[in-house]
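Residue numbering for the sequence shown follows my numbering, starting at 15 and increasing by one per position. Structure first, then comments.
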Amino acid sequence: MIQVLDKTFEVFISSEEIQREVRSLATKINEDLQDEDVVFIAVLNGSFMFAADLMKSVSLSSEISFVKMSSYHGTTSSGRVDELIGLNNDVKNKTVVIVEDIIDSGITMEKMISLIEMENPKQLKICTLLYKPEAFKGTRPPDYVGFSIPNAFVVGYGLDYNEKGRNLDAIYQIKE
Ligand code: IMP
Ligand code: MG
Numbered sequence: 015m016i017q018v019l020d021k022t023f024e025v026f027i028s029s030e031e032i033q034r035e036v037r038s039l040a041t042k043i044n045e046d047l048q049d050e051d052v053v054f055i056a057v058l059n060g061s062f063m064f065a066a067d068l069m070k071s072v073s074l075s076s077e078i079s080f081v082k083m084s085s086y087h088g089t090t091s092s093g094r095v096d097e098l099i100g101l102n103n104d105v106k107n108k109t110v111v112i113v114e115d116i117i118d119s120g121i122t123m124e125k126m127i128s129l130i131e132m133e134n135p136k137q138l139k140i141c142t143l144l145y146k147p148e149a150f151k152g153t154r155p156p157d158y159v160g161f162s163i164p165n166a167f168v169v170g171y172g173l174d175y176n177e178k179g180r181n182l183d184a185i186y187q188i189k190e
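The structure is reproduced here in structure tokens:
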């Protein structure tokens, strides 16, 4: 058991299990996309560790870029404007693989998809280490999933609880 701020967590997925699954995801991606011009787009902050490990097993001649999403309240009637910070790579006519740490409700991913589709990629694939199918309300389920998990809060391996716990090498589930 570990403590992160005021909450207690217990190991849910060990470092060894994560590493094994990440290699297996990379193997599938290598097979599926061998003839494609691929740009990986990892979403900060949560996916930094997953993206780093995944890329070590990706053998495609590919690019990787890191983006952040910013949502802020604009002055238009729509109220909200979302923006992708840091997408400098030209993705037009290329295969984009979005790399995420976790898909929960799917709202963040829906926004990512619409922002990237404005850049006219050839195709878009979604790769997430963790997926909470019971919480998912999106229209486009992920193409590559490391672990489907129950609807409980997790930290570690990039995922945070109030910005803490990202450095843990395993994934921990809240104990309650
Ligand atoms: P969404 O609900 O799919 O839009 O997920 C939004 C964001 O919530 C994710 O990118 C994570 O940053 C965060 N999140 C969702 N579930 C968890 C969790 O169990 N632990 C830590 N962060 C989470
Ligand atoms: Mg995230």
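Virtual Cβ for every residue (Gly too), placed ideally from N, Cα, C.
- From the DSSP output, which residues share a beta bridge with VAL25? The secondary-structure analysis by DSSP pairs VAL25 across a beta bridge with TYR186.
> Of the choices ILE188, TYR171, LYS178, whose alpha-carbon is the least far from that of GLU30?
Replying inline: TYR171
Could you check how far apart the C-beta atoms of LYS136 and ASP118 are, in whole angstroms? I think they sit under 8 Å. Not confirmed; about 28 Å, so no contact.
Let me check you understand the geometry: is the CB of VAL111 closer than 6 Å to at least one non-hydrogen atom of the ligand GDP? Questions concerning the ligand GDP fall outside what the structure shown contains, since the ligands it does hold are the ligand IMP and the ligand MG.
Can at least three beta-carbon pairs, one atom from the stretch 52-60 and one from the stretch 34-41, be found at a separation below 8 Å? no
Mind checking whether ILE99 and SER79 have CB atoms under 7 Å apart?
-> When the beta-carbon positions are compared, ILE99 and SER79 stay at least 7 Å from each other.
| Beta-carbon spacing of PHE150, GLY120 below 7 Å | yes
**Item:** Contact test: VAL168 Cβ vs the ligand IMP heavy atom, cutoff 6 Å
**Value:** yes
| query | Assuming ASN181 contacts LEU19 under a Cβ cut-off of 8 Å, what Cβ separation, rounded to an integer in Å, is found between them? | reply | With 8 Å as the limit, ASN181 and LEU19 do not qualify as a contact, their Cβ atoms being about 14 Å apart.
Check: Where does ALA166 fall in DSSP's three states?
Finding: coil
Can you tell me where the alpha helix (DSSP H) holding GLU124 begins and where it ends? 121-131
| Closest by C-alpha distance to LEU74, when choosing among VAL110, ASN165, GLU97 | VAL110
By alpha-carbon positions, which one of GLU77, ILE32, MET123 ends up nearest to MET50? A small fix is needed here, since residue 50 is Glu in this sequence, not Met. Comparing C-alpha distances from GLU50 to each of GLU77, ILE32, MET123 shows the shortest one belongs to GLU77.
| said: Given a cut-off of 7 Å on the beta-carbon distance, is the pair THR206 and PRO156 in contact? | reply: The structure shown has nothing for residue 206, since the chain only spans 15 to 190.
Does the Cβ of THR142 lie closer than 6 Å to at least one heavy atom of the ligand IMP?
Here the distance from the Cβ of THR142 to the nearest heavy atom of the ligand IMP is not below 6 Å.
- Item | Cβ neighbour criterion (16 or more within 10 Å) applied to ALA65 | buried
Query - Runs of beta strand (DSSP E) wholly within the stretch 55-109 (minimum 3 residues, chain order) - result: Entirely contained in the stretch 55-109, the beta strand (DSSP E) runs reaching 3 residues are, in chain order, 76-87, 94-99.
- prompt: Nearest-angstrom Cα distance between ASN44 and LYS70?
  reply: 12 Å
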